[in-house]
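Undergrad: Below: one structure in structure tokens.
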Amino acid sequence: MKYDLIIIGAGPAGVSSALYATSRGLKTLVLEKDENPGGTLKKVSNITHFTGFNTGEAGTVFSKTLNSQLEQCGAKVLQGKVTAASLKGEEKEIICNGEKFTSKTVIIAAGTSQNIPDFEILEELKNKHLLNDARKYYKNYENVIVIGGSDGAAKEALFFSQNNKHVDLIIREEKLAAVPEFSQPILNAKNISIHYNSVISKVNGNENIEEVLLENTTTKEKETLKFNNCGIFYYIGSSPNTEIFKEVELNKGYILVDEKMKTNIEGVYAVGDIRVKEVRQISTAVSDGAIAAIDAAKYINAKK
Ligand SMILES: Cc1cc2nc3c(=O)[nH]c(=O)nc-3n(C[C@H](O)[C@H](O)[C@H](O)COP(=O)(O)OP(=O)(O)OC[C@H]3O[C@@H](n4cnc5c(N)ncnc54)[C@H](O)[C@@H]3O)c2cc1C
């Protein structure tokens, strides 16, 4: 079947696109590689700064809300990873689960993937105790090390400080980059130790993490932290999932769009964190999705 619109990714940007597209009568297919929609936010301990959604609600709750909106809107949703896209022609071709899907328009909403920290650690320890899903694992540990000083990492450090015995926050910079809403309570917390200008050079242990070796990036001094029961949570930034989109114009890996979310290819849009933008938040992702889907509907109607 040929679709009016194929949306790649069911994070907030993709789901918003689907809501606006189906409301305008577009035959819409959503392709999502994960079992559930929600994207990055599925793993976040609590959602903040999204108007109309309760602050502090778990990321999994946000994901469920997106799922029911998607189910109700009438878009066809398939689970599968898009592995190739041919976007230049009038008929767009998308390969997913080895199958070819075609459409008149495409919205790329594939977001970003988190960067994984690089230090010496046994593969088994890494698989078991290196985390990027705070709420799923926090009950397993007495101590948590959080790597990263941005809003995302700082928010999770606070979450762990409320649920675990002690948190060591490792940041490369000389001060916290997070907004005051997160940085102030971190500075006041009795059970968070901040290690400024620091990186992890090695993690030792067999079944459990026993030692974490830190190196000060300015003085080169070394420090060893010892643990009985510790997990390491990381949020050290992310990279755009653009490797399969060979034809769209990129800037530093992110997709370039105009104010209608149009890429350099007619009928192809990019929305949310995957596009060049200043502010990467739910509010801007859903706004992008609305703008792109409304323009896609106009584009299709003009061609009739
Ligand atoms: C730790 C952390 C905490 C955050 N907390 C907040 C917050 O509280 N409030 C807020 O407003 N923002 C927050 N953000 C930012 C927010 O997560 C993003 O701005 C938002 O998720 C962007 O939505 P998106 O739909 O563009 O991308 P994503 O959420 O990344 O969704 C992209 C989707 O595309 C899918 N996908 C990727 N590649 C493919 C493929 N090849 N085939 C099929 N599917 C694919 C992915 O599985 C994913 O579901 C946080 C970010 C982080 C990292």
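Numbering-wise (the working numbering), the sequence shown opens with residue 70 and increments by one.
Where a beta carbon is used, it is the ideal one built from N, C-alpha and C, also for glycine.
Per DSSP, Ile278 forms a beta bridge with which residues?
TA: Your numbering for residue 278 matches position 209 in the sequence shown. DSSP, once it has assigned bridges, lists Gly274 as partnering Ile278.
Undergrad: Excluding the 5 residues flanking Asn136 on each side, which residues of the same chain have their C-beta closer than 8 Å to its C-beta?
TA: By 1-based counting over the sequence shown, the position of residue 136 is 67. Closer than 8 Å at the Cβ level, and outside the excluded window around Asn136, lie Asn105, Pro106 and Gly107.
Undergrad: For Ser270, count the other beta carbons within 10 Å of its own beta carbon; 16 or more makes it buried, fewer makes it exposed. Which is it?
TA: The residue you call residue 270 lines up with position 201 of the sequence shown. Under this definition Ser270 is an exposed residue.
Undergrad: Taking the alpha-carbon of Ala203 as reference, which of Ile343, Glu193, Ile214 and Thr311 has the nearest alpha-carbon?
TA: What you label residue 203 is simply residue 134 of the sequence shown in a count that begins at 1. Here the closest residue by C-alpha is Ile214.
Undergrad: According to the Cβ coordinates, are Asp73 and Lys173 closer than 8 Å?
TA: Residue numbering aside, residue 73 sits at position 4 when the sequence shown is read from its first letter. Residue numbering aside, residue 173 sits at position 104 when the sequence shown is read from its first letter. In this structure, Lys173 lies closer than 8 Å to Asp73 by Cβ.
Undergrad: Does the Cβ of Arg349 lie closer than 7 Å to at least one heavy atom of ligand 1?
TA: Indexing the sequence shown from 1 puts residue 349 at position 280. Result yes, Cβ under 7 Å from ligand 1.
Undergrad: Roughly how far, in whole angstroms, is the beta-carbon of Ile261 from the beta-carbon of Val236, given that I think they are within contact range, below 8 Å?
TA: Taking the first residue of the sequence shown as 1, we reach residue 261 at position 192. Taking the first residue of the sequence shown as 1, we reach residue 236 at position 167. Confirmed, Cβ separation roughly 5 Å.
Undergrad: Go ahead and pull the three-state DSSP assignment for Ile177.
TA: Position 108 of the sequence shown, counted from the start, is the residue given in the question as residue 177. In the structure shown, Ile177 sits in a strand (DSSP, three-state: E or B).
Undergrad: Quick check: what's the CA-CA separation for Met330 versus Cys299?
TA: For the purposes of this step, residue 330 is taken as residue 261 along the sequence shown, with counting starting at 1. For the purposes of this step, residue 299 is taken as residue 230 along the sequence shown, with counting starting at 1. Distance between the alpha carbons of Met330 and Cys299: 44 Å.
Undergrad: For the candidate residues Glu162, Ile116 and Asp103, whose alpha-carbon lies nearest to that of Val146?
TA: Residue mapping note: residue 146 aligns to position 77 of the sequence shown, counting from 1. The option with the nearest alpha carbon to Val146 is Asp103.
Undergrad: How should Leu100 be labelled, buried or exposed, when 16 other C-beta atoms within 10 angstroms of its C-beta is the threshold for buried?
TA: Within the sequence shown, numbered from 1, the residue matching residue 100 stands at position 31. Buried, since its Cβ has 16 or more Cβ neighbours within 10 Å.
Undergrad: For Asn320, which beta-bridge partners are listed by DSSP?
TA: Numbered from 1 along the sequence shown, position 251 holds the residue referred to as residue 320. DSSP, once it has assigned bridges, lists Tyr323 as partnering Asn320.
Undergrad: Buried or exposed: Val348, going by 16 or more other Cβ atoms within 10 Å of its Cβ?
TA: Residue numbering aside, residue 348 sits at position 279 when the sequence shown is read from its first letter. Under this definition Val348 is an exposed residue.
Undergrad: Could you check whether Tyr338 and Ala365 sit closer than 8 Å to each other, using their CB atoms as the reference points?
TA: For the purposes of this step, residue 365 is identified with residue 296 of the sequence shown, where counting begins at 1. For the purposes of this step, residue 338 is identified with residue 269 of the sequence shown, where counting begins at 1. In contact: Ala365 and Tyr338 (Cβ atoms closer than 8 Å).
Undergrad: Compare the Cα-Cα distances from Thr181 to each of Gly83, Gly121, Leu139 and Thr171 and report the closest residue.
TA: In the sequence shown, residue 181 corresponds to position 112, counting from 1. Minimum Cα distance to Thr181 is reached at Gly83.
Undergrad: In the DSSP assignment, the alpha helix (DSSP H) including His198 goes from what residue to what residue?
TA: The count along the sequence shown starts at 1 and reaches residue 198 at position 129. Its alpha helix (DSSP H) spans residues Glu192 to His198.
Undergrad: So what does DSSP say about Val213, is it helix, strand or coil?
TA: The residue given as residue 213 occupies position 144 in the sequence shown. The answer is strand: DSSP assigns Val213 an E or B state.
Undergrad: Give the single residue among Leu227, Gln253 and Thr286 whose Cα lies nearest to the Cα of Ile240.
TA: Locating residue 240 in the sequence shown gives position 171, counting from the first residue. Residue Thr286 is the option with its Cα nearest to Ile240.
Undergrad: For Gln148, which beta-bridge partners are listed by DSSP?
TA: One-based indexing of the sequence shown puts residue 148 at position 79. In the DSSP output, where bridge partners are listed per residue, Gln148 has Glu101.
Undergrad: Just mark Leu283 as buried or exposed, buried being the case when its beta carbon has 16 or more other beta carbons within 10 Å.
TA: Your numbering for residue 283 matches position 214 in the sequence shown. So Leu283 ends up on the buried side.
Undergrad: Tell me whether the beta-carbon of Thr124 lies closer than 8 Å to the beta-carbon of Thr117.
TA: What you label residue 124 is simply residue 55 of the sequence shown in a count that begins at 1. What you label residue 117 is simply residue 48 of the sequence shown in a count that begins at 1. Taking 8 Å as the Cβ cut-off, Thr124 and Thr117 qualify as a contacting pair.
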